[in-house]
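J.:
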Amino acid sequence: MSGWKSPRGRVLSAFVLGSLIVLQSACSGAAANTPSLTPAPLQHTGTAGLSGPSAGSTPSRAPTTATPSPLQGTGTAGLSSPYAGSTPSPLQGTGTAGLSGPDADSTPSRAPTTDASNCQEDWCAYEGHFWLERPVQSVMGDDIDPTYRYGSTENGTREAHSGVELQAPAGDSVHAAAGGVVVVAGGDDQAHAVAGNSGYGNVVILKHSFPGLDQPLFTLYAHLQEIDVAPGESVSGGQVIGKVGATGAATGPHLHFEVRLGGDTIGDTRNPELWFQPHAGEDSRPNGALAGQILNPDGSLANLSNVVLQYTRLQGAVALQVTYLQTYASSAQHGDDEWQENFAAGDLPAGWYRVTFVIDGGMIDRQVEVFPGRVSVLKVRVN
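Residue numbers for the sequence shown follow our numbering, beginning at 27 and rising by one.
Here's what the structure looks like:
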């Protein structure tokens with residue numbers, strides 16, 4: 027299966043300074059902690075979608091667009107770029123004072139590996155598992171809503187998200203993200219996988235198998251207006267399985283999409299951004315992804331609402347694009363089995379990123395390079 031898509035005419039030029047455009051979509055949930063160091067909250071303007079204790083609540087409809095001022099990167103010497111080659115090998119970061127990697131005192135290994143724990147310093151790049159097609163293929167519907175990513179709470183206003191949202195008009199076709207077998211097709215009150223969770227509305231769950239993956243992978247498609255498959259039916263990747271709708275806890279049309287690994291329950295979810303095939307970048311090569319693990323001094327996962335990614339393209343340059351993230355807000359949202367990340371962003375333009383966050387009153391600053399068609403994994407531990 028191809029690991030990326032052909033250009034769609036929607037790639038942001040890395041040379042254009044711009045405002046962060048708030049994509050609008052849709053899920054509702056319960057409140058968590060309000061971040062203190064991020065810009066003004068980014069709000070949905072449309073729909074609610076994922077169930078929870080307060081699934082029926084209506085989000086604020088006043089979107090905020092934040093335009094960050096350019097920030098200088100600090101630079102990191104000693105890293106090479108594999109852009110000239112077709113397949114880059116894992117690259118190690120050089121570290122920054124104040125934080126340590128899980129094994130900062132040992133010698134970094136540059137041998138290809140699928141075990142993220144072998145990254146001896148702050149970051150390295152790996153081949154990802156970009157195996158899933160986008161279930162909505164219209165130009166307006168195949169990008170995720172960046173204001174309510176996997177594991178986020180939309181600035182403390184919602185329940186931690188178990189999936190991602192794809193904005194699309196009602197009646198738009200929903201496609202199987204990969205070939206598989208239908209295990210659930212119907213109202214969520216009929217499915218054991220979503221028992222007691224009435225927010226999904228009409229839902230389809232597919233079971234997939236991939237070479238080299240020793241567990242089944244499941245994909246979930248919720249809020250459907252129409253279901254076009256039946257339990258036990260085999261489907262091919264890209265096949266239409268339903269239509270976008272607003273059933274369940276949704277106040278407007280969109281697709282709620284989940285990835286589940288090993289089991290088909292809500293406790294088995296993973297971040298879909300690390301499974302979707304990336305779009306093509308401005309040079310026709312695929313975008314990449316960044317996954318990060320931030321640890322407290324005791325080794326526990328940090329809970330932060332103020333992780334900022336600044337795309338600088340060139341090392342140490344000014345920010346061209348800014349993405350605001352938070353770490354996964356609940357233990358119900360799991361990191362990748364190998365990388366064990368607690369935040370991530372997919373479909374990122376290749377180039378350098380400045381990653382900053384505040385923890386225990388101090389600002390932490392890292393620079394990470396994202397490569398075409400690869401996942402850069404950052405690991406830091408507060409001393």
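Using N, Cα and C, we set each Cβ at its ideal position, and we do this for glycine too.
(1) Hey, quick one: how far does the beta strand (DSSP E) through W378 stretch, first residue to last?
(2) Whole angstroms are fine: how far does the CA of Q347 sit from the CA of P279?
(3) Check whether the Cβ atoms of D214 and V406 lie closer than 8 Å to each other.
(4) Just the Cα atoms here: how many angstroms apart are Q265 and G388?
(5) State the start and end residues of the unbroken beta strand (DSSP E) segment that holds Q265.
(6) Distance, Cα to Cα, L246 vs G205?
(7) At the level of alpha carbons, what is the spacing between G212 and N228?
(8) In the region 315 to 377, which residue ranges form an unbroken beta strand (DSSP E) of at least 3 residues, counting only runs that do not cross its ends?
(9) Quick check: is the beta carbon of A317 nearer than 8 Å to any beta carbon in chain C?
(10) Using the rule of at least 16 other Cβ atoms within 10 Å of the residue's Cβ for burial, across every protein chain shown, is A256 buried or exposed?
(11) If you draw a straight line from the alpha carbon of E308 to that of M166, how long is it in whole angstroms?
(12) With which residues is G271 paired in a DSSP beta bridge?
(13) Would the region 317 to 336 and the region 346 to 361 be scored as touching if the rule is three or more Cβ pairs under 8 Å?
(14) Whose C-beta lies closer than 8 Å to the C-beta of V401 among residues of the same chain, with five residues either side of it excluded?
(15) Which value, in whole angstroms, describes the spacing of the CA atoms of D362 and E284?
(16) DSSP puts Y247 in a beta bridge; with which residues?
(17) For E259 and G288, what's the separation of their Cα atoms in angstroms?
(18) What are the boundary residues of the beta strand (DSSP E) that includes E153?
(19) Label R175 either buried or exposed according to how many other C-beta atoms from any shown protein chain fall within 10 Å of its C-beta, with 16 as the threshold for buried.
(20) Determine the direct distance from the alpha carbon of V270 to that of A194, and round the result to whole angstroms.
(21) Mind checking whether H282 and H249 have CB atoms under 8 Å apart?
(22) Starting from Q474, trace the beta strand (DSSP E) in both directions and tell me its first and last residue.
(23) I think N297 touches G399, with their Cβ atoms under 8 Å apart; what is that distance to the nearest whole Å?
(24) Buried or exposed: which applies to D324, given that a residue is buried once 16 or more other Cβ atoms fall within 10 Å of its Cβ?
(25) Just the C-alpha distance for L192 and G263, rounded to the nearest angstrom, thanks.
(26) At the level of alpha carbons, what is the spacing between L243 and F397?
(27) Nearest to L158 by CA position, among A196, H201 and N181, is which residue?
(28) Which residue comes first and which comes last in the beta strand (DSSP E) that contains A202?
(29) Write down the C-beta distance between V210 and V230 rounded to the nearest angstrom, noting that I regard them as a contact closer than 8 Å.
(30) Using beta-carbon positions only, say whether N368 and Q303 come within less than 8 Å of one another.
(31) According to DSSP, A186 sits in a beta bridge with which residue or residues?
(32) When you compare only the Cα positions, how much space is there between A272 and D198?
(33) If I measure Cβ to Cβ from V394 and keep anything under 7 Å in the same chain, skipping five residues before and after, which residues do I get?
(34) I'd like to check one pair, A358 with A196: are the Cβ atoms closer than 8 Å?
(35) What do you get for L321, buried or exposed, if any count of 16 or more other CB atoms within 10 angstroms of its CB means buried?
T.: In terms of the structure at hand:
(1) G377 to I385
(2) 28 Å
(3) no
(4) 49 Å
(5) That residue, Q265, is in no beta strand (DSSP E); it is neither H nor E in DSSP.
(6) 13 Å
(7) 5 Å
(8) 333 to 339, 347 to 351 and 369 to 374
(9) Of the protein chains in this structure there is only one, and it is not chain C.
(10) exposed
(11) 19 Å
(12) H280
(13) yes
(14) A151, Y152, E153, G154, L300, G314, A315, L316, A317 and W365
(15) 14 Å
(16) V230 and F283
(17) 20 Å
(18) W149 to E153
(19) buried
(20) 7 Å
(21) yes
(22) The first residue shown for the chain is 27 and the last is 409, placing residue 474 beyond what the model contains.
(23) Not confirmed; about 17 Å, so no contact.
(24) exposed
(25) 18 Å
(26) 26 Å
(27) H201
(28) That residue, A202, is in no beta strand (DSSP E); it is neither H nor E in DSSP.
(29) 6 Å
(30) no
(31) Per DSSP, none; premise fails for A186.
(32) 12 Å
(33) G119, W149, L316, Y379, V381, S402 and L404
(34) no
(35) buried
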